[in-house]
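Taking it in order: structure first as structure tokens, then the write-up.
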Amino acid sequence: MTPLTTDGPKSSLRAKVRQLRQSFLDRLPQMAASGRTLSASLAVSSDALDEVHRIFHTIKGTGASFGFEEISFQAGIGQAVITAFRDGGGPLSDAGRIADELIALFDRIELLAAETILANAESGDAQTLAAVGGSHPGMSHGKRIFLCDDDDLAGQQIAAQLVCFGYEVVSFADTGALRAAVIVKTPDAVIMDIMFPNGMNAGTEIIESMRRELPSPPPVVFLSARKDFEARLRAVKAGGQAYFTKPVKATELVETLDVLTDREKPEPYRVLVVDDEPEVAQYHGLILSEAGMTVRLLHEPSSILSVLAEFRPDLVLMDMYMPVCSGRDLAQIIRQIPDFLSLPIVFLSNETNKVMQVSALKVGAEGFLTKPIQPDDLISAVAVRAERMRTLRSLMVRDGLTGLFNHTFLSQYLSATLATAARESRKVSLAMLDIDHFKEINDSFGHPAGDQVLVALSRLLQQRLRHSDLVGRYGGEEFAVIMQDTGPAEARTIIDGLREDFGRLSFQAGEQGFSCTFSAGIAGFPAVPSDHLMETADQALYRAKRSGRNRVCEGYAGDGDPGGVPSGERMAPAAPSVAVGRREDIGHG
Amino acid sequence: MKILVVDDDSLAGEMTSAVLEDAGHTVVLAGDAVEAADRLDEGRQKGGDPFDLVVSDMHMPLVSGVDLFRNLRDQGDGIPFILLTGDDPGPVLAAEPRLDGCLAKDFTLETSLIDAIAAAMAGRGAARQ
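Chains as they are written, first to last, in this note's numbering: chain A, 33 to 621; chain B, 24 to 152.
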């Protein structure tokens, strides 16, 4: 019992009261748990009656002091039930009923506590850390993570990092509180510590029981200081999808959470079915669309080119024998168009002659399926090939380490976006970002640490920007963001918010922790003409670097004109060598 | 003023303390009636710093708040005493009218407790004159 040392201002009383209210809510599950145990014993002996009464009384009184009227009210009912039971001195059979009733009351109190914690979280009270800087309209929606760790400090650190990646985090110190909260409102994922004051394996135990109770339990990631096999085994058995040992790398945790919480369904595969017999085409088309694919039927081979250009399929499924034009000929026509060179073509035919099949494959078909085919076989044969097509396509436009769009794609996209913007009189902002002292990070902490930083920044950008904003890795440690319908001032505010959050992230290299920053330059079209946009943003970035780094500068029309790098040079494929040289100058300076 | 807060529920005790300290008082917490009696004794010792007021919870295990109050009065200690209860304060005050105040625990404690203390001290002052 430590006397408090608060003095004076109401704000500190507010803070103190808020903290006490939270402690009370956190403690309720434990009180409810012991209340339930004692209530159960009432069925056989009334020894614990006073104790149960006292628990209700405390909840009622303290709950009322803190303004939790409903919780206080329910506890009051419990008290009244016990008083009535005592006065009546009812028979033993009644005791069983009373016990059940009291247990139900404790359940209700626990649920109310969980609901209150969640409601507080939603109103931004108490300990939720909601994503900051939501001024950008359509900022990607935060997914809700419940974090349960009895170590407050460790929990806060993790929560603070996750928030930077756009997650909404609600913290619980107690396993009972977590369980109740999950029942009230299932989160997108749970991050669970394993060791708690109430048991070496309390974390895994509560998750295991939750999986039994809930029809669709949330994915769980375990986080523990325990590195032993037994702890890991228990985690797997409890249904944990991942296991991290402390201290955890935020980027790895986020990567796992991204996968676990990704509820977005991928775009359905697009399949073009070519068959001169409408019924056959329809039958196969039906099987594929039942499996969730988007199907287009084509009976007239002569219109294949326009259909391909318009429908943009992931795969073509065609009959081998058709009048006028055989499948073989059609495949050859398709292959002669550069755009469709990698489009998978699968033949479907009752041809069992191996020689004929091979000749079909020779013209570049992906596979040969024999009719009649089992619906499941058809679906998997098509899905596997369509998926591979997509992966290949994304490899061509994306950067391998970060998964962001690569330089080539970015340049093409910027030109296209600017052309559209000019035509439709819309705004476009371009931000160039460069990690500060990146070379030193690589030198001092090693390249894996540097990669960690690159991945973290790319995730931060991807998660916190809108879907219509395009994020790319321009090269080395340089990133570009193309923001449509966004003026430079707005872009600057957004990037500046990201800059602050990025600076808050901490990285782990071996035993050492470090953090880093980025500088950015921004240019907005149409204030800056489209052919100067890249160069102006670059100049602004250079200015940000020169004036001390870790800041965002805006470039204006005419900034780079006198004696500047000729426009378009950075855009040209030959530019990287020039750019790298200049960036290293910055790195040393 | 130096105030002794008695509550078996530490959170509730801290809540009461926070309100009192915010109003500029010095608070000592006691977790039960026995501890409270000890603290009051210490204050009464020669060279000790005596308490000006007791704010006690009503329902506590073993010795209730009203029992603590009666015990003090039996010992001849007339220290101002305010009782907090989760129940209706009416019947409690009726049963023990000597109390300087009896308040229901609710979220208005922040203002009602300060008002009750002011009223109690004013009443004492008036009685003494």
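Backbone N, C-alpha and C fix where the C-beta goes; we use that ideal spot for every residue, glycine too. Computed from a predicted structure; not experimentally measured.
Minimum length 4: unbroken alpha helix (DSSP H) runs contained in the segment 493-572 of chain A: The segment 493-572 of chain A contains these whole alpha helix (DSSP H) runs: 520-536.
I need the DSSP call for R258 (chain A), collapsed to helix, strand or coil. coil
I'd like to know if R86 (chain A) contacts chain B, where contact means its C-beta is closer than 8 Å to some C-beta of that chain. yes
With a threshold of 7 Å on Cβ separation, who are the neighbours of S551 (chain A) within its own chain once the five nearest residues in sequence on each side are excluded? Same-chain partners within the cutoff: D466, D468, L573, A576, K577, R581, N582, R583.
Taking the continuous beta strand (DSSP E) assigned at E119 (chain B), which residues delimit it? Neither: E119 (chain B) is in no beta strand (DSSP E) and is coded neither H nor E.
When burial is assigned at 16 or more other CB atoms within 10 Å of the CB, is L76 (chain B) buried or exposed? buried
Quick one: which chain B residues come within Cβ less than 8 Å of A96 (chain A)? G109, A127, K128, D129, F130
Which residues in chain B have a C-beta closer than 7 Å to the C-beta of S55 (chain A)? List them in chain order. L34
Tell me the rounded alpha-carbon separation between I140 (chain B) and L126 (chain B). Rounded to whole angstroms, I140 (chain B) and L126 (chain B) show a C-alpha spacing of 11 Å.
Do Q68 (chain B) and the ligand ADP come close, with the Cβ less than 7 Å from some heavy atom? Because no ligand of any kind appears in the structure shown, any question about the ligand ADP cannot be addressed here.
Determine, using beta-carbon pairs with one atom in the segment 79-94 of chain A and one in the segment 28-37 of chain B, whether at least three such pairs fall under 8 Å. yes
Indicate the three-state DSSP secondary structure (helix, strand or coil) for K25 (chain B) in the structure shown. strand
Per DSSP, what are the beta-bridge partners of D466 (chain A) in this structure? A:E510, A:S551
Using a threshold of 8 Å, state whether the C-beta atoms of L289 (chain A) and V253 (chain A) are closer than that. yes
When burial is assigned at 16 or more other CB atoms within 10 Å of the CB, is T108 (chain B) buried or exposed? buried
My understanding is that A145 (chain A) touches L60 (chain A), with C-beta atoms under 8 Å, so please give their C-beta distance in whole angstroms. 4 Å
What residues of chain B sit near G99 (chain A), judged by a beta carbon separation below 8 Å? D129, F130
Quick check on this structure: which residue in A:T549, A:P345, A:M464 has the alpha carbon closest to the alpha carbon of V327 (chain A)? A:P345
Quick check on D45 (chain B) - is its C-beta less than 8 Å from some C-beta in chain A? yes
Sorted by chain position, which residues of the same chain lie with C-beta nearer than 7 Å to R147 (chain B)'s C-beta, five sequence neighbours on each side aside? P103.
From the DSSP output, in three-state form, read off F104 (chain B) for me. strand
Inspect the beta-carbon positions of H316 (chain A) and L285 (chain A) and report whether they are closer than 8 Å. The answer is no: Cβ separation not under 8 Å.
Alpha-carbon to alpha-carbon, I135 (chain A) and V503 (chain A): The straight-line gap from Cα to Cα measures roughly 54 Å.
Quick one: what does DSSP say V76 (chain A) is sitting in, helix, strand or coil? The answer is coil: DSSP assigns V76 (chain A) none of H, G, I, E or B.
Continuous beta strand (DSSP E) assignments of at least 3 residues falling wholly in the segment 285-327 of chain A: 302-306
In the DSSP assignment, find the alpha helix (DSSP H) that holds D184 (chain A) and state where it starts and stops. 184-196
Hey, quick one: how far does the beta strand (DSSP E) through V225 (chain A) stretch, first residue to last? In the sequence on display, residue 225 (chain A) carries Asp and not Val. D225 (chain A) -> beta strand (DSSP E) spans 221-225.
CA-to-CA distance, K69 (chain B) to T160 (chain A), given in whole angstroms: Low confidence applies here, because T160 (chain A) scores a pLDDT of 38, under 50, leaving its location unreliable; read the following figure in that light. If I take the Cα positions, the gap works out to 51 Å.
How far does the alpha helix (DSSP H) with V57 (chain B) in it extend, from its first residue to its last? 56-67
Within the same chain, show all residues whose beta-carbon is closer than 7 Å to that of A191 (chain A), passing over the 5 residues directly before and after it, in chain order. L161, L179, V201, S203
For the pair the segment 47-67 of chain B and the segment 77-89 of chain B, tell me if three or more CB-CB distances fall below 8 Å. yes
Contact with chain B by H469 (chain A), beta-carbon distance below 8 Å: Chain B, which has no Cβ nearer than 8 Å to the Cβ of H469 (chain A), makes this no.
Taking the beta carbon of F437 (chain A) as the centre, do at least 16 other beta carbons fall within 10 Å, making it buried, or is it exposed? buried
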